[in-house]
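Visitor: I'd like to ask some things about the structure below.
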Amino acid sequence: MKPVMDHLENDGVTHIANDGAGTLENEKNYYSSFTRLESDGLRPRNNTSPTHPDEGPSMGSKLDGADTGQISRDNILPSHFKLNSALTCRLVGGLTREQRAVCNEEPDAAAIAFEGLQMAVKECQHQFRWHRWNCSSLIAKSTNPHSSAIMKRGFRESAYLYALTSAGVAHAIARACAQGRLLSCGCDSLGYRTLHDPRGRTRANKWEWSGCSHNLAYGIEFTKKFLDVREQVDDLQSKINVHNNNAGRTILSSHMEVRCKCHGLSGSCQLRTCWRATPDFRVVASTIKRQYRKALLVAQEELNNGMSVLRGRPRGKRRSRAKPAPKTSLLFFEKSPSFCDADPRMDSSGTSGRVCRIGRTSRTGSCDLLCCGRGHALIRRSSIKPCNCTFHWCCRVDCEKCHDDKWVAMINCGLNTTKPDALVRRPSPPDYIASSQLFSTTQ
């Protein structure tokens, strides 16, 4: 047996230092690479000191950038982007005429939306890191993943991307409003505090004042205006895309959290200030991933744009009666390819050279599933890491350098020797839903 080199995924965020020169090249670099800018650009409109996220914000203050979930949002746009909206909107490819109009009208919100799209692609890479299709092709595109080939198709993976990017934009806008980064919105006005009487019993909630809640309502409103506007054609594919957008936003809304800060002598919690906050985006992405596994297949022979789709029902199961699709369900209408080989038309990078897991064949990322019949090799990967560290008072830490050897399995290059579909671990057979009754309820 031979080993594989580990395809390590970097879940962190690369930072690019921005000197604020405002050159066109700097701005192109911002939008052409999936990185975070580190800048002293826009600041919260209030001048209060940042509040630690665990303590909550003070009354009337904006949330600082620390309370941002799994992926950091501390970095903000340089000021020259806000001032030059035409350049901001022109540098991002794949926008429709309607989207450019929104971008020119609200350039600061559009810039935050592009951050949300970047975050969604990064999270997609994490969620699908052990799948044949792993979102890696989207990184090489532009700041706008909607310009990619896979989002023009009707695959199960396409449905996941629509829901994830919609949730990502709403998540980013909601937080930016509370951080004071946008002129068009502020904190969500909905809040409450809980009082306790001397005996420790909880009194009724008083809606008098609270911390600065993340403005999810505005985030959803802007996302509809910025993303749903792409789907202007009144055909089934556009309706499915809008449904998946709504599914992502609905899942995000269902995971909103209430965070509280206690007040009183020694934090006795005689008075508690609470505010609503968006969750860690990874939690949202994982929930959408579960919906991806049980996505509904739209049974339709032909769509209005002429694309043929899968029709039929799983073996041994009776087709269920047509009913409206649940709001959190993902819909797709095309059978996904194997994604074994690189194919730019499908945004597939293939699996050659990827790392796989040795062990159970049913395990996600196992060599049997990822290799597509190519086989794999075991490779020893060596690295030098600090070890046996000693602290010296005061203040120095001395470490030795140790070699760390790991054996990893790496997929061989070459042609398949086994029919790819025979090795594909598919999600559970999809339920079928009639297109005529898909949208009979308000989304």
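Take the sequence shown: its position 174, counted from the start at 1, is 174 in the UniProt record's numbering, and no numbers get skipped.
Quick reminder that beta carbons are idealized off the backbone N, C-alpha and C, glycines included.
Values in this document were obtained by computation on a predicted structure and should not be read as measured data.
Distance, Cα to Cα, residue 277 vs residue 178?
Guide: For the purposes of this step, residue 277 is taken as residue 277 along the sequence shown, with counting starting at 1. For the purposes of this step, residue 178 is taken as residue 178 along the sequence shown, with counting starting at 1. When rounded, the separation of the alpha-carbon atoms in residue 277 and residue 178 is 9 Å.
Visitor: Any chance the segment 361 to 372 sits against the segment 332 to 352, with 3 or more Cβ pairs inside 8 Å?
Guide: Contact between the segment 361 to 372 and the segment 332 to 352 is present, because at least three Cβ pairs lie under 8 Å.
Visitor: Relative to the C-alpha of residue 253, which candidate in 287, 158, 115 has its C-alpha closest?
Guide: As a position in the sequence shown, residue 253 is number 253, starting the count at 1. Out of 287, 158, 115, 287 has the C-alpha closest to the C-alpha of residue 253.
Visitor: Let me confirm a value: residue 390 is counted as buried when at least 16 other C-beta atoms fall within 10 Å, else exposed. Which label applies?
Guide: The residue labelled residue 390 in the question sits at position 390 within the sequence shown. Exposed, because fewer than 16 other Cβ atoms sit within 10 Å of the Cβ of residue 390.
Visitor: Helix, strand or coil for residue 366 per DSSP?
Guide: The residue labelled residue 366 in the question sits at position 366 within the sequence shown. It is a strand residue.
Visitor: Round the Cβ separation of residue 88 and residue 111 to the nearest angstrom and send it over; I've been treating them as touching at under 8 Å.
Guide: Position 88 of the sequence shown, counting from 1, holds the residue named residue 88. Position 111 of the sequence shown, counting from 1, holds the residue named residue 111. 6 Å between Cβ atoms; contact.
Visitor: Do residue 249 and residue 99 come within 8 Å of each other at the CB atom, strictly closer than that value?
Guide: Within the sequence shown, the letter at position 99 stands for residue 99. Within the sequence shown, the letter at position 249 stands for residue 249. Using a Cβ distance threshold of 8 Å, residue 99 and residue 249 do not count as a contacting pair.
Visitor: Between residue 186 and residue 117, what straight-line distance do the alpha-carbon atoms span, to the nearest angstrom?
Guide: In the sequence shown, counting from the first residue as 1, residue 186 sits at position 186. In the sequence shown, counting from the first residue as 1, residue 117 sits at position 117. Their backbone Cα atoms lie some 21 Å apart in a straight line.
Visitor: Mapping DSSP to helix, strand and coil, what is residue 330?
Guide: Here residue 330 refers to the residue found at position 330 of the sequence shown. Three-state result, residue 330: coil.
Visitor: Can you tell me whether DSSP reads residue 399 as helix, strand or coil?
Guide: Here residue 399 is taken as the residue at index 399 of the sequence shown, counted from 1. Strand, per DSSP.
Visitor: To the nearest angstrom, how far is it from the Cα of residue 268 to the Cα of residue 329?
Guide: Taking the first residue of the sequence shown as position 1, residue 268 is located at position 268. Taking the first residue of the sequence shown as position 1, residue 329 is located at position 329. Rounded to the nearest angstrom, the two C-alpha atoms are 44 Å apart.
Visitor: At 3 residues or longer, and completely inside the segment 98 to 181: list those beta strand (DSSP E) runs for me, N to C.
Guide: none
Visitor: For the candidate residues 255, 405, 241, whose alpha-carbon lies nearest to that of residue 383?
Guide: Along the sequence shown, one-based indexing puts residue 383 at 383. The option with the nearest alpha carbon to residue 383 is 405.
Visitor: Just the Cα atoms here: how many angstroms apart are residue 397 and residue 381?
Guide: Numbered from 1 along the sequence shown, position 397 holds the residue referred to as residue 397. Numbered from 1 along the sequence shown, position 381 holds the residue referred to as residue 381. Computed Cα separation, rounded: 27 Å.
Visitor: Whose C-beta lies closer than 6 Å to the C-beta of residue 146 among residues of the same chain, with five residues either side of it excluded?
Guide: Position 146 of the sequence shown, counted from the start, is the residue given in the question as residue 146. If we look at residue 146 and ignore the five residues flanking it on each side, its Cβ neighbours are 94.
Visitor: Does the distance from the CB of residue 171 to the CB of residue 284 come in under 8 Å?
Guide: Start at 1 with the first residue of the sequence shown, and residue 171 comes out as number 171. Start at 1 with the first residue of the sequence shown, and residue 284 comes out as number 284. The answer is yes: Cβ separation under 8 Å.
Visitor: If you run the structure through DSSP and keep just helix, strand and coil, what is residue 277?
Guide: On the sequence shown, position 277 is the one that residue 277 refers to. Three-state result, residue 277: strand.
Visitor: Please report the straight-line C-alpha distance between residue 280 and residue 403, rounded to a whole angstrom.
Guide: The count along the sequence shown starts at 1 and reaches residue 280 at position 280. The count along the sequence shown starts at 1 and reaches residue 403 at position 403. One C-alpha to the other measures close to 36 Å.
Visitor: Could you give the distance in angstroms between the alpha-carbon of residue 228 and the alpha-carbon of residue 387?
Guide: For the purposes of this step, residue 228 is taken as residue 228 along the sequence shown, with counting starting at 1. For the purposes of this step, residue 387 is taken as residue 387 along the sequence shown, with counting starting at 1. In a straight line, the C-alpha of residue 228 is about 52 Å away from that of residue 387.
Visitor: With distances taken between CB atoms, is the gap from residue 128 to residue 332 smaller than 8 Å?
Guide: Counting from one through the sequence shown, the residue named residue 128 turns up at place 128. Counting from one through the sequence shown, the residue named residue 332 turns up at place 332. It is not a contact, given that the beta carbons lie outside the stated cut-off.
Visitor: Taking only three categories from DSSP, how would you classify residue 256?
Guide: One-based indexing of the sequence shown puts residue 256 at position 256. Coil at residue 256, not helix or strand.
Visitor: In chain order, what residues of the same chain have a beta carbon less than 6 Å from the beta carbon of residue 130, not counting five sequence neighbours either side?
Guide: In the sequence shown, counting from the first residue as 1, residue 130 sits at position 130. Taken in chain order, the residues that qualify are 364, 365.
Visitor: Can you tell me the Cα-Cα spacing of residue 126 and residue 290, whole angstroms?
Guide: Taking the first residue of the sequence shown as position 1, residue 126 is located at position 126. Taking the first residue of the sequence shown as position 1, residue 290 is located at position 290. If you draw a straight line from the Cα of residue 126 to the Cα of residue 290, it is about 14 Å long.
Visitor: Using alpha carbons as the reference points, say which of 102, 160, 124 lies closest to residue 336.
Guide: Numbered from 1 along the sequence shown, position 336 holds the residue referred to as residue 336. In terms of CA proximity to residue 336, 160 leads the group 102, 160, 124.
Visitor: Output yes or no for whether 8 Å exceeds the beta carbon distance between residue 184 and residue 223.
Guide: Your numbering for residue 184 matches position 184 in the sequence shown. Your numbering for residue 223 matches position 223 in the sequence shown. Not in contact: residue 184 and residue 223 (Cβ atoms no closer than 8 Å).
Visitor: Can you tell me the Cα-Cα spacing of residue 122 and residue 136, whole angstroms?
Guide: Numbered from its first residue, the sequence shown carries residue 122 at position 122. Numbered from its first residue, the sequence shown carries residue 136 at position 136. Computed Cα separation, rounded: 9 Å.
Visitor: For residue 391, which beta-bridge partners are listed by DSSP?
Guide: Taking the first residue of the sequence shown as 1, we reach residue 391 at position 391. Answer is 397, bridged to residue 391.
Visitor: How long is the line joining the alpha carbons of residue 401 and residue 392, rounded to whole angstroms?
Guide: Taking the first residue of the sequence shown as position 1, residue 401 is located at position 401. Taking the first residue of the sequence shown as position 1, residue 392 is located at position 392. The alpha-carbon atoms of residue 401 and residue 392 are separated by roughly 17 Å.
Visitor: Going by CA-CA distance only, name the one from 211, 339, 334 that's closest to residue 263.
Guide: Within the sequence shown, numbered from 1, the residue matching residue 263 stands at position 263. Ranking the options by Cα distance to residue 263, first place goes to 211.
Visitor: Suppose contacts are defined by Cβ-Cβ distances below 8 Å. Is residue 241 in contact with residue 162 by that definition?
Guide: Here residue 241 is taken as the residue at index 241 of the sequence shown, counted from 1. Here residue 162 is taken as the residue at index 162 of the sequence shown, counted from 1. Their beta carbons are under 8 Å apart, which means residue 241 touches residue 162 by this criterion.
Visitor: Return helix, strand or coil for residue 371, following the three-state DSSP convention.
Guide: The residue you call residue 371 lines up with position 371 of the sequence shown. DSSP places residue 371 in coil when its eight states are reduced to three.
Visitor: Roughly how many angstroms lie between the CA atoms of residue 236 and residue 152, to the nearest whole one?
Guide: Position 236 of the sequence shown holds residue 236. Position 152 of the sequence shown holds residue 152. When only Cα atoms are considered, residue 236 and residue 152 end up about 13 Å apart.
Visitor: Determine the DSSP secondary structure at residue 349, reduced to helix, strand or coil.
Guide: What you label residue 349 is simply residue 349 of the sequence shown in a count that begins at 1. Residue state for residue 349 is assigned as strand, using DSSP reduced to three classes.
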